[in-house]
Structures are given as structure tokens and as C-alpha cells.
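K.L.:
Input: one structure, supplied below.
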Amino acid sequence: MRLVEAIRSALSAIAANALRSLLTMLGIVIGVAAVIAMVAIGSGARNLVDQQIRSLGANLAIVTPGNVTQGGARLGAGAASTLTSDDAEAIRREVDGVVAAAPFVQGGAQVVAGASNWGTRIYGVDLDWFQAREWDVATGRGFDPEEVRRGDIVIILGQTVARNLFGEDDPIDQTVRVRNVPFRVIGVMAPKGQSAFGQDQDDVIFVPLDAGRRRVIGRNYAKDGSVGSIFVKFANEEEIEPGIETMTALLRQRHRIVGEQEDDFSIRNLTEIANTASASANTLSMLLAAVAAVSLLVGGIGIMNIMLVSVTERTREIGLRLAVGARPRDILSQFLIEATTLSTIGGALGVGLGAGAAYLVAQLAGWPSLVSTNAIILAVGFSALVGIFFGFYPAQRAARLDPIEALRRE
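Counting in the UniProt record's numbering, the sequence shown runs without a single skipped number right up to 410 at its last residue.
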């Protein structure tokens, strides 16, 4: 029996019992749809996590104050500032692979513009901050080196702050007051979106580092050039770990930490955190797909069951085919192709249903989804394999029928 004839015969048998075939395919349809939807939602979540974490900037490490001990009491990490602008300059100058070392201070403040006001986060930064964070100015301009050096009272607004203070009006060259200090608006940042921790990154304002230390955030920072933290950006990911080792040795030397003394700073690799979060999201996606794939096995058992019933019902037909010259392998191919066709059609329907379900979830729940070509190919291919695996026993049973006994059976 030629392959085309076998496929035509399989489609005819499926069409002759359309309702039964549809119910048989239902397990495969649901299984494939579940796999596609779960993988799509999991992939979307992974991409969202990657996007949110990497919105901090690529190839980043952050240096923060560590534990401080005073009078024998351990005050805990961050209890006092142990970092300075000079530390950032030393890192920029002496650590290989560093393209930006951005010291900054941060705090909260109420911003007033005319009759409008808005509570937001304020950052005192230098020019390296924007390079480290890979964040551009959308309108207006950024700080120039002289403004940063002098600590001028100029300010750059985040999108959220600009919208709440000025609405649709142009904020450039307007004056805003931050803790009663008048700042001139010189720019508005490009939108950054939500962070991995759920914060609105656009709800922020930026002032020159010295202006932030002396006029807004706190005089304690201005005493010795202290800073809250330092973002360090490397040229590529491979240089981060060696760079962190060099930074550790450099800061221990600068802070006069010797022997077994505890570091008064902490360095975290944000790229490593991003990779870990991405791997966790990927594991969750695969787990969801594995759970959904169980229904494919249930669908396969349904196909085996209905094919066994089909062999019993068509025993005389099988006997007649064998009597007129069909070989056992022809009968085997006929029923195997029928089972595979049944499961493949179910897989194709499942792909459409799964993609629709993923889109619906994305629209209703605001949960991202990403239907990948690889997932579609894998799901349809697996459904065909399910048909072959679970259809083989019924097909083999049909091929082994004795033609004389088959023709005698009612």
C-alpha cells in the first residue's frame, strides 16, 4: 500500500467517525494547548524578569557600605557611610575593564512646582551614573562637567515626576523647589519602566552629586565626600569577577583594613543576580510545561483505546485486505498512520488553542506571554510521537490477525 493511499484511508476512517475522532483528539488538543500556553507564559515571565533586572544596566556591580563597629557594637551593614567619591575615582582609574564608576547619594523629597507638588526619590549623581545605568535624556540635556564639579542647582526629572508636576507642559527651564532649594529643570529622562522590585524607575529626580550632598539629602555626606553607594560598569561580563577581586583588594587598602578584619563595604554582581533570576524563571517554565505534558500522555492512552476499538470493529475489513494480497506491514502502516494523523491534527488544533489562551491571559491579567516557534514545533512533534507510540500496539495487533479468522468474525 502506498503512503498516499494509507494517508487517504486514515483520513477517510477519521471522517467516517468524526465525533468519536474529535473526542479522541480532545486529550491531545488539551495537552498541546496547555504546553503551549504554559511555555508562552513562562517565557514571557522570564523575558520580563530579564528586562526589569537588566534595566538597571548591563555588566554592573554595586559597592555598598558594609558592617560598621563602634565601641564594640556591630551596627550592621549600611549603618554609616564608608565610601567616598575618591573610592569611585580610584576604582575608575585602577581596575581593569571598568568603563564607569558612578558614586551617588539618594533620599526622599517633596518637589514643588507652582501649585503642584509630588513626593519622589532624589539622587545626587555624577556623569558616570547615566552611562552605568544606560539611561538617556529624552528632552533637554544632561549635566555638563562644570555643573557637576561646582554642584550647581540644576535638576533632571524622571518621566513620572515631569508628568505629575507639569502635565503636558514643557518643564525645561522651569523652576522647581526641593526642600526649599530652587532648582532649574534642564532635562527629562527617557522612560525606564518598572524595576524587578516593582518600583517605578521613572519616579525620580537627579541633581549634581555635590548639590545633593550639600543642599538636599544631608550635610553628613558633605563632610568628607561620602557617598551612599557606587555603581561600577564593566566593558563585558567576563571582566566582572576579576574586577570585583581587584576592587576588594583596592578598597581594603584604601580603608586600611588589614589581616582578618571585616570589610566595611560589600560588592554585589548584579549581572549574576540577573542570570540567577532568569534561570529560576526558565526552570519554572519547564516545570509548568512538564506538568502540562502529562495530559499528552492521557491523550495518548485515549488514542490507544479508540484504535483498539477500531481494530475490533474493522476486523472483517482487515481480513478482506489481507485476503486480496495486502501484507501485514501494509495493515500495520495503515493503522499507525491513522493514529499518527489523529494525534497530529489534535496537536495542530492544540497549538491554536494554546496560543489563543496565552494571548487571552496576557490581555486579561496583564501577564506577559511569548509563543516561540520552538515550542510549537516541539509540541506538534511530541503529539505525533505520542500517536506513533500509543498507536503501535493496536496497529501491530491488526497486522497479526489471521485473514481466515478475521473474515469469519461477525
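The beta carbon of each residue, even a glycine, is placed where N, CA and C say it ideally should be.
Please name the residue, chosen from V63, L270, V39 and D128, that lies closest to I230 on a Cα-to-Cα basis.
P.N.:
Here residue 230 refers to the residue found at position 230 when the sequence shown is read from its first residue. When only C-alpha atoms are compared, the closest one is V63.
K.L.:
Distance check for L364 and A45, CA to CA, integer angstroms please.
P.N.:
Indexing the sequence shown from 1 puts residue 45 at position 45. Indexing the sequence shown from 1 puts residue 364 at position 364. Answer to the nearest angstrom: the Cα atoms are 15 Å apart.
K.L.:
In or out: I306 buried (at least 16 other Cβ within 10 Å) or exposed?
P.N.:
To locate residue 306, count along the sequence shown from 1; it is residue 306. Looking at its Cβ environment, which holds 16 or more other Cβ atoms inside 10 Å, I306 is buried.
K.L.:
Where does W135 sit, in a helix, a strand or coil, going by DSSP?
P.N.:
Here the question's residue 135 lines up with position 135 in the sequence shown. Three-state DSSP puts W135 in coil, outside helix and strand.
K.L.:
Give every residue of the same chain whose Cβ lies closer than 6 Å to the Cβ of L165, excluding the five residues on either side of it in the sequence, and list them in chain order.
P.N.:
Stepping through the sequence shown from its first residue, residue 165 is reached at position 165. Taken in chain order, the residues that qualify are A113, S116 and W118.
K.L.:
Let me check understanding here. Comparing Cα to Cα, which of G31, V311, I41 and G27 lies closest to T283?
P.N.:
Residue 283 sits at position 283 when you count from the first residue of the sequence shown. Nearest option by C-alpha distance: I41.
K.L.:
What did DSSP end up calling F390 once you bin it into helix, strand or coil?
P.N.:
Position 390 of the sequence shown holds residue 390. If DSSP states are grouped into helix, strand and coil, F390 belongs with the helices.
K.L.:
P145: buried (16+ other C-beta within 10 angstroms of its C-beta) or exposed?
P.N.:
Your numbering for residue 145 matches position 145 in the sequence shown. Around the C-beta of P145, fewer than 16 other C-beta atoms lie within 10 Å, and the residue is accordingly described as exposed.
K.L.:
Can you look up D173 in the DSSP assignment and give me helix, strand or coil?
P.N.:
By 1-based counting over the sequence shown, the position of residue 173 is 173. If DSSP states are grouped into helix, strand and coil, D173 belongs with coil.
K.L.:
Under a three-way DSSP split, which group does L401 fall into?
P.N.:
Against the sequence shown, residue 401 aligns to sequence position 401. Coil at L401, not helix or strand.
K.L.:
Decide if the stretch 150-165 is in contact with the stretch 181-191; the criterion is three or more beta carbon pairs, one per stretch, under 8 Å apart.
P.N.:
yes
K.L.:
Identify the continuous beta strand (DSSP E) that holds A115 and give its terminal residues.
P.N.:
One-based indexing of the sequence shown puts residue 115 at position 115. Per DSSP, A115 belongs to no beta strand (DSSP E) and is neither H nor E.
K.L.:
Just to confirm before moving on: does the CB-CB distance between I244 and T271 stay below 8 Å?
P.N.:
One-based indexing of the sequence shown puts residue 244 at position 244. One-based indexing of the sequence shown puts residue 271 at position 271. Cβ atoms of I244 and T271: not closer than 8 Å.
K.L.:
Counting Cβ pairs, one atom from each stretch, are 3 or more of them under 8 Å apart for the stretch 373-387 and the stretch 309-317?
P.N.:
no
K.L.:
Can you check DSSP and say which residues form a bridge with Q106?
P.N.:
For this step, residue 106 is matched to residue 106 along the sequence shown. Answer is Y123, bridged to Q106.
K.L.:
Just confirm the distance between the C-beta atoms of F104 and L250, as a whole number of angstroms; I'd bet it's less than 8 Å.
P.N.:
Counted from its first residue, the sequence shown places residue 104 at position 104. Counted from its first residue, the sequence shown places residue 250 at position 250. About 19 Å separates the two Cβ atoms, so there is no contact after all.
K.L.:
Cβ of L284 within 7 Å of any heavy atom in the ligand SAM?
P.N.:
No copy of the ligand SAM appears in this structure; indeed no ligand is present at all.
K.L.:
For a quick check, are the C-beta atoms of I318 and S343 less than 8 Å apart?
P.N.:
Looking up residue 318 in the sequence shown gives position 318. Looking up residue 343 in the sequence shown gives position 343. No, the pair does not count as a contact, with Cβ atoms beyond the cut-off.
K.L.:
Is it true that the CB of G299 sits closer than 8 Å to the CB of I28?
P.N.:
Here residue 28 refers to the residue found at position 28 when the sequence shown is read from its first residue. Here residue 299 refers to the residue found at position 299 when the sequence shown is read from its first residue. Yes, the Cβ-Cβ distance between I28 and G299 is below 8 Å.
K.L.:
Near P368, which residues of its chain fall below 7 Å by C-beta distance, leaving aside the five closest residues on each side in sequence?
P.N.:
Residue numbering aside, residue 368 sits at position 368 when the sequence shown is read from its first letter. Same-chain partners within the cutoff: G44, A45, N47, L48 and A362.
K.L.:
Thinking C-alpha only, which one of G212, E134, L322 and F390 is nearest F234?
P.N.:
Taking the sequence shown and counting its residues from 1, one reaches residue 234 at position 234. Per the Cα distances, E134.
K.L.:
Between which residues of its own chain and I320 is the CB-CB distance below 6 Å, once the five residues before and five after are set aside?
P.N.:
As a first step, residue 320 is located in the sequence shown; it is residue number 320 there, counting from the start. The sequence given here places Leu at residue 320; Ile does not occur at that position. So the list is empty, once near-sequence residues are dropped.
K.L.:
Thinking C-beta only, is G140 closer than 8 Å to V207?
P.N.:
Here residue 207 corresponds to residue number 207 of the sequence shown, with the count starting at 1. Here residue 140 corresponds to residue number 140 of the sequence shown, with the count starting at 1. Contact flag unset, no.
K.L.:
When DSSP labels each residue in this structure, what does V99 get in the three-state scheme?
P.N.:
Position 99 of the sequence shown, counted from the start, is the residue given in the question as residue 99. Note: V99 maps to strand in three-state DSSP.
K.L.:
For S266, which residues from the same chain have a beta carbon less than 8 Å from its beta carbon, with the 5 sequence-adjacent residues on both sides left out?
P.N.:
Taking the first residue of the sequence shown as 1, we reach residue 266 at position 266. V63, T64, P65, G66 and A77, listed in sequence order.
K.L.:
Under 8 Å Cβ to Cβ from I7, same chain only, skipping five residues before and after it: list those, please.
P.N.:
Position 7 of the sequence shown, counting from 1, holds the residue named residue 7. These residues qualify, in order along the chain: I337 and T341.
K.L.:
Run through the DSSP bridge pairs and tell me what N180 is partnered with.
P.N.:
One-based indexing of the sequence shown puts residue 180 at position 180. DSSP output for N180 lists no bridge partner at all.
K.L.:
Roughly how many whole angstroms lie between the Cα atoms of S12 and P394?
P.N.:
Along the sequence shown, one-based indexing puts residue 12 at 12. Along the sequence shown, one-based indexing puts residue 394 at 394. In a straight line, the C-alpha of S12 is about 18 Å away from that of P394.
K.L.:
I'd like the list of long-range same chain contacts for I331, defined as Cβ closer than 8 Å, with 5 residues on each side in sequence excluded.
P.N.:
If you number the sequence shown from 1, residue 331 lands on position 331. Same-chain partners within the cutoff: I318, R321, L322, A395, A398, A399 and L401.
K.L.:
Within the same chain, show all residues whose beta-carbon is closer than 6 Å to that of G107, passing over the 5 residues directly before and after it, in chain order.
P.N.:
Within the sequence shown, the letter at position 107 stands for residue 107. Same-chain partners within the cutoff: I122 and I217.
K.L.:
In whole angstroms, give me the CA-to-CA distance for P242 and I91.
P.N.:
Position 242 of the sequence shown, counted from the start, is the residue given in the question as residue 242. Position 91 of the sequence shown, counted from the start, is the residue given in the question as residue 91. When rounded, the distance between both Cα atoms is 13 Å.
K.L.:
Only counting runs of 3 or more residues, tell me where the beta strand (DSSP E) segments fall wholly within the stretch 206-256, in order along the chain.
P.N.:
229-234
K.L.:
Between the C-alpha atoms of R329 and G356, what's the straight-line distance to the nearest angstrom?
P.N.:
Locating residue 329 in the sequence shown gives position 329, counting from the first residue. Locating residue 356 in the sequence shown gives position 356, counting from the first residue. Within the model, the alpha-carbon separation for R329 versus G356 is close to 40 Å.
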